[in-house]
Amino acid sequence: TPRAMTDFLADRTLSKRTTTRNWVILAQKGEVTPVYFREALLRDLITVLSLVTDRHVILVGPPGAGKRTLVYSL
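Just so you know, the sequence shown maps onto residues 172 to 245 in this note's numbering.
Next comes the structure, spelled out in structure tokens:
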């Protein structure tokens, strides 16, 4: 009902609890998945693929390492 929705949105503690996250605390607890930025690796890959000759590349790594994602980001 509109009244229930108004009451729900008026509750400041509820709206803050459900819409924000303290990423610092979550990271300190180890609850955040690490993110690795690989711009340098991507730049090196583009450099090798831009060569006139010998531009063959094989990406090697365990499953889930991000080989496919790296190629898709080209």
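Think of the CB as a built atom: it goes at the ideal place given N, C-alpha and C, for glycine as much as any other residue.
Please say whether residue j and residue i have beta carbons closer to each other than 9 angstroms?
{"i": "L245", "j": "K238", "result": "no"}
{"i": "V153", "j": "L197", "result": "With the chain covering only 172 through 245, there is no way to say anything about residue 153."}
My output table needs one value for residue i: the three-state DSSP class, helix, strand or coil.
{"i": "D215", "result": "helix"}
{"i": "E210", "result": "helix"}
{"i": "L241", "result": "helix"}
{"i": "I229", "result": "coil"}
Using only the alpha-carbon positions, how far apart do residue i and residue j sit?
{"i": "A181", "j": "R214", "result": "49 angstroms"}
{"i": "G201", "j": "V195", "result": "10 angstroms"}
{"i": "L216", "j": "G235", "result": "19 angstroms"}
{"i": "V228", "j": "Q199", "result": "38 angstroms"}
{"i": "L212", "j": "G232", "result": "14 angstroms"}
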